[in-house]
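Read through the structure below, which is laid out as structure tokens, and then see the notes.
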Amino acid sequence: MAVEKLFKDEATEEKGDRARMASFVGAMAIADLVKTTLGPKGMDKILQSTGRGRSVTVTNDGATILKSLHIDNPAAKVLVDISKVQDDEVGDGTTSVVVLAGELLREAEKLVNAKIHPMTIISGFRMAAECARNALLEKVVDNKQDAEKFKSDLMKIAMTTLSSKILSQDKEHFAKLAVDAVMRLKGSTNLEAIQIIKKPGGSLTDSFLDEGFILDKKIGIGQPKRIENAKILVANTAMDTDKVKIYGARVRVDSMSKVAEIEGAEKDKMREKVQKIISHGINCFVNRQLIYNFPEELFADAGVLAIEHADFDGIERLALVTGGEIASTFDNPESVKLGRCKLIEEIMIGEDKLIHFSGCEMGQACTIVLRGASSHVLDEADRSLHDALCVLSQTVNDSRVLLGGGWPEMVMAKAVDELARKTPGKKSHAIEAFSRALLAIPTIIADNAGLDSAELVSQLRAEHHEEGSTAGIDVISGSVGDMAELGISEAFKVKQAVLLSATEAAEMILRVDEIITCAPRRREDRM
């Protein structure tokens, strides 16, 4: 043993088959974990943190589940990463990515056991992925020119995305909300302008889309409740200097009147600052920090609406929406850009009062107010809606659309199968394996709905043998249905991202032939 020892104490290495085995098993375990959340009949998971408060999350968003896991297996971490990237990149398809990569590895494991070299498998997968992508490209539909059709496409995509989430009961309502919100963005993928406010109470169907901007704050006392043609100064500045604020400063006075003078001087300083702010010609002042009673009185006297403690994303968004800039010094009023909007008023949602800015400069802004039974429902609704918004904003830019419900996978599998027949050599086994992995997705969708997956998938295969078939799995009726009639669509961009990321991740894990784990650094005894 003494000769072989290459690493320091406690570092371990696993070579060859054992290393590959470990990575396959880890990756497949992760895939099996999120597999049950796939499709319209997917189940949810409860994630409970062991930290303080034991916060509970109920979700079936693949990325959210995997983000919350602490994983030791290196290969499993690769899968967690691709689902995160998928979430950032296109917003939806986080579960599909992991499941597809897991299935590819499951197939690869069989091939490796049949003594086919990993590199051969990888080059086969590469060819297959390329071929699958081209098959999809031939079948895409692009309705960018026809506004009506395009909008109905967007509605379908939104409904498909939402149908696997908690919102599936009221998916038409929410799809409409999401489409309206994204259409207002006019093609920018900046989702900052869409604000989502969660207010417990009511039911999910009470959620609505509001044009303009809602700030989750109350209007101060004695302030005007309603302002028309508002000019807004958005600021991040301290409005609480009527005390000496230098820590460790000692002020020695020889009589009480001197204290009064100091206080008077500070009040004057504050008054001067308020005058400067008012001289911008504004009638609404929103500050991120708190405003003391004294400056608040001054603002109220001048008829300026002062809002304090607006949270940071609220402020940034407000500045973005009203076309203003966040100011922190007020010496030269001409250089500060003021925000404008037609009307500021107070509205009630449930029990809470909020401030509503309508008729903003940036016409793209809107606020979605979500109502729901509990905070868990609201959080999950927020995540689902965010997925839908991401997908829609990507689709507005890249308007290519595919059918959903396992249809794209069948199309790709068919093309890949044909390629496998043409390809000589061992690669053909890998290509065939790729098509089997693609078929796993419709299989899992059917399994999750409690249907006979083997039967359904073989029926689908037969249907797809004819050119231009639109068959997919109709989970609701439990049979093979016509996806074009049912209006189940997906964005091409999402499918492409799923296909390419999954293949690359599987490749990466396949290339591994050795895992070296370093020993943890020992803490020296400090005693």
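In terms of this note's numbering, the sequence shown is residues 27 to 553. From the three backbone atoms N, C-alpha and C, an ideal C-beta is built for every residue, glycine too.
Subject >> Expected contact under 8 angstroms - CB spacing of residue 532 and residue 127 to nearest Å >> reply: Within the sequence shown, numbered from 1, the residue matching residue 532 stands at position 506. Within the sequence shown, numbered from 1, the residue matching residue 127 stands at position 101. Confirmed, Cβ separation roughly 5 angstroms.
Original post:
Comparing alpha-carbon positions, which option in 405, 44, 281 and 262 lies nearest residue 333?
Top reply: Translated into the one-based positions of the sequence shown, residue 333 becomes position 307. Across the set 405, 44, 281 and 262, the C-alpha of 262 shows the shortest separation from the C-alpha of residue 333.
**OP:** Ignoring anything shorter than 4 residues or poking outside the stretch 115-185, list the alpha helix (DSSP H) runs there in chain order.
**Re:** The stretch 115-185 contains these whole alpha helix (DSSP H) runs: 120-139 and 144-165.
Original post:
Which residues mark the beginning and the end of the alpha helix (DSSP H) in which residue 461 is found?
Top reply: Here residue 461 is taken as the residue at index 435 of the sequence shown, counted from 1. 453-474 is the span of the alpha helix (DSSP H), which, as asked, contains residue 461.
Subject >> Identified DSSP bridge partners for residue 478 >> reply: Along the sequence shown, read from residue 1 onward, the residue named residue 478 stands at position 452. In DSSP, residue 478 forms no bridge with anything.
Original post:
Opposite residue 265 in the DSSP bridges: which residues?
Top reply: Against the sequence shown, residue 265 aligns to sequence position 239. Under DSSP, residue 265 shares a beta bridge with 317.
Original post:
For residue 32, which residues of its own chain have a beta-carbon under 7 angstroms away from its beta-carbon, when the five flanking residues on both sides are left out?
Top reply: Along the sequence shown, one-based indexing puts residue 32 at 6. Same-chain partners within the cutoff: there are none.
**OP:** State the start and end residues of the unbroken alpha helix (DSSP H) segment that holds residue 201.
**Re:** If you number the sequence shown from 1, residue 201 lands on position 175. Element bounds for residue 201: 197-211.
Subject >> CB contact flag (residue 200, residue 211, <8 angstroms) >> reply: For the purposes of this step, residue 200 is identified with residue 174 of the sequence shown, where counting begins at 1. For the purposes of this step, residue 211 is identified with residue 185 of the sequence shown, where counting begins at 1. No, they are not a contact pair.
**OP:** Can you grab the Cα-Cα spacing for the pair residue 417 / residue 74, in whole Å?
**Re:** Counted from its first residue, the sequence shown places residue 417 at position 391. Counted from its first residue, the sequence shown places residue 74 at position 48. Near 28 angstroms, if we compare the C-alpha coordinates of residue 74 and residue 417.
Original post:
Residue range of the alpha helix (DSSP H) that residue 60 falls in?
Top reply: By one-based count along the sequence shown, residue 60 stands at place 34. 42-61 is the extent of the alpha helix (DSSP H) around residue 60.
**OP:** Throw me the rounded Cβ distance for the residue 101 and residue 52 pair, which I believe falls under 8 angstroms.
**Re:** Residue mapping note: residue 101 aligns to position 75 of the sequence shown, counting from 1. Residue mapping note: residue 52 aligns to position 26 of the sequence shown, counting from 1. Yes, they are in contact, since the Cβ atoms of residue 101 and residue 52 sit about 4 angstroms apart, within 8 angstroms.
Original post:
To which residues of the same chain is residue 543 closer than 7 angstroms at the C-beta, ignoring the five residues directly before and after it?
Top reply: As a position in the sequence shown, residue 543 is number 517, starting the count at 1. Closer than 7 angstroms at the Cβ level, and outside the excluded window around residue 543, lie 37 and 38.
Subject >> Three-pair Cβ contact test at 8 angstroms for the stretch 247-257 versus the stretch 393-403 >> reply: Contact fails: fewer than three Cβ-Cβ distances are below 8 angstroms.
Subject >> C-beta contact flag for residue 92 and residue 81 at 8 angstroms >> reply: In the sequence shown, the residue the question calls residue 92 occupies position 66. In the sequence shown, the residue the question calls residue 81 occupies position 55. The Cβ atoms of residue 92 and residue 81 do not sit closer than 8 angstroms to each other.
Original post:
Rounded to a whole number of angstroms, what is the C-alpha to C-alpha distance between residue 302 and residue 311?
Top reply: Your numbering for residue 302 matches position 276 in the sequence shown. Your numbering for residue 311 matches position 285 in the sequence shown. Straight-line Cα distance between these residues: approximately 12 angstroms.
Subject >> Own chain partners of residue 402 with C-beta closer than 6 angstroms, once the 5 adjacent residues on each side are dropped >> reply: By 1-based counting over the sequence shown, the position of residue 402 is 376. These residues qualify, in order along the chain: 84.
Original post:
Closest by CA to residue 497, which one among 408, 437 and 285?
Top reply: The residue given as residue 497 occupies position 471 in the sequence shown. Out of 408, 437 and 285, 437 has the C-alpha closest to the C-alpha of residue 497.
Original post:
Does DSSP put residue 537 in a helix, in a strand, or in coil?
Top reply: In the sequence shown, counting from the first residue as 1, residue 537 sits at position 511. Reduced to three states, the DSSP call for residue 537 is coil.
Original post:
Contact check, residue 57 vs residue 99 under 8 angstroms by CB: the rounded distance?
Top reply: Numbered from its first residue, the sequence shown carries residue 57 at position 31. Numbered from its first residue, the sequence shown carries residue 99 at position 73. So it is not a contact: roughly 12 angstroms between Cβ atoms.
Original post:
Taking the C-alpha atoms as reference points, what is the distance between residue 223 and residue 159?
Top reply: By one-based count along the sequence shown, residue 223 stands at place 197. By one-based count along the sequence shown, residue 159 stands at place 133. The straight-line gap from Cα to Cα measures roughly 39 angstroms.
Subject >> Chain-order list of residues whose beta-carbon lies under 6 angstroms from that of residue 356 (same chain, five-residue window excluded) >> reply: For this step, residue 356 is matched to residue 330 along the sequence shown. Answer for residue 356: 302 and 303, listed in chain order.
**OP:** Just grab the DSSP bridge partners of residue 331 for me.
**Re:** As a working note, residue 331 is residue 305 in the sequence shown. Answer is 310, bridged to residue 331.
Original post:
Would you report the Cα separation of residue 329 and residue 208, rounded to the nearest angstrom?
Top reply: By 1-based counting over the sequence shown, the position of residue 329 is 303. By 1-based counting over the sequence shown, the position of residue 208 is 182. For residue 329 and residue 208, the distance between alpha carbons rounds to 36 angstroms.
Original post:
Can you give the Cα-Cα distance for residue 284 and residue 239, rounded to whole angstroms?
Top reply: Your numbering for residue 284 matches position 258 in the sequence shown. Your numbering for residue 239 matches position 213 in the sequence shown. Between residue 284 and residue 239, the C-alpha separation is close to 48 angstroms.
Original post:
Which same chain residues, not among the five before or five after residue 134, have their C-beta less than 6 angstroms away from its C-beta?
Top reply: Reading the sequence shown from its first residue, position 108 is the one you call residue 134. Taken in chain order, the residues that qualify are 147 and 536.
**OP:** In the DSSP assignment, find the unbroken beta strand (DSSP E) run with residue 362 in it and report its ends.
**Re:** Counting from one through the sequence shown, the residue named residue 362 turns up at place 336. Counting along the chain, residue 362 falls outside any beta strand (DSSP E), and DSSP gives it neither H nor E.
**OP:** Go ahead and pull the three-state DSSP assignment for residue 374.
**Re:** Translated into positions along the sequence shown, residue 374 becomes position 348. Strand.
Original post:
In its own chain, which residues sit with a C-beta less than 8 angstroms from the C-beta of residue 68, not counting the 5 before and 5 after it?
Top reply: Counted from its first residue, the sequence shown places residue 68 at position 42. Here residue 68 has 62, 86, 121, 190 and 474 as same chain residues with Cβ atoms under 8 angstroms from its own Cβ, once five neighbours each way along the sequence are excluded.
Subject >> Assigned secondary structure, residue 424 (DSSP; H/G/I helix, E/B strand, else coil) >> reply: Here residue 424 refers to the residue found at position 398 when the sequence shown is read from its first residue. Of the three classes helix, strand and coil, the one that applies to residue 424 here is coil, per DSSP.
**OP:** Quick one: using the 10 Å Cβ neighbour count with 16 as the cut-off for buried, is residue 455 buried or exposed?
**Re:** Indexing the sequence shown from 1 puts residue 455 at position 429. If you draw a 10 Å sphere on the C-beta of residue 455, you find 16 or more other C-beta atoms in it, and that means buried.
Original post:
Comparing alpha-carbon positions, which option in 504, 375, 380 and 449 lies nearest residue 233?
Top reply: On the sequence shown, position 207 is the one that residue 233 refers to. It is 375.
**OP:** Note down, in chain order, each residue of its chain lying with its Cβ closer than 6 angstroms to the Cβ of residue 380, except the 5 sequence neighbours on either side.
**Re:** What you label residue 380 is simply residue 354 of the sequence shown in a count that begins at 1. Non-local beta-carbon contacts of residue 380 in its own chain, meaning distances under 6 angstroms to residues more than five positions away in sequence, involve 240, 242 and 373 in chain order.
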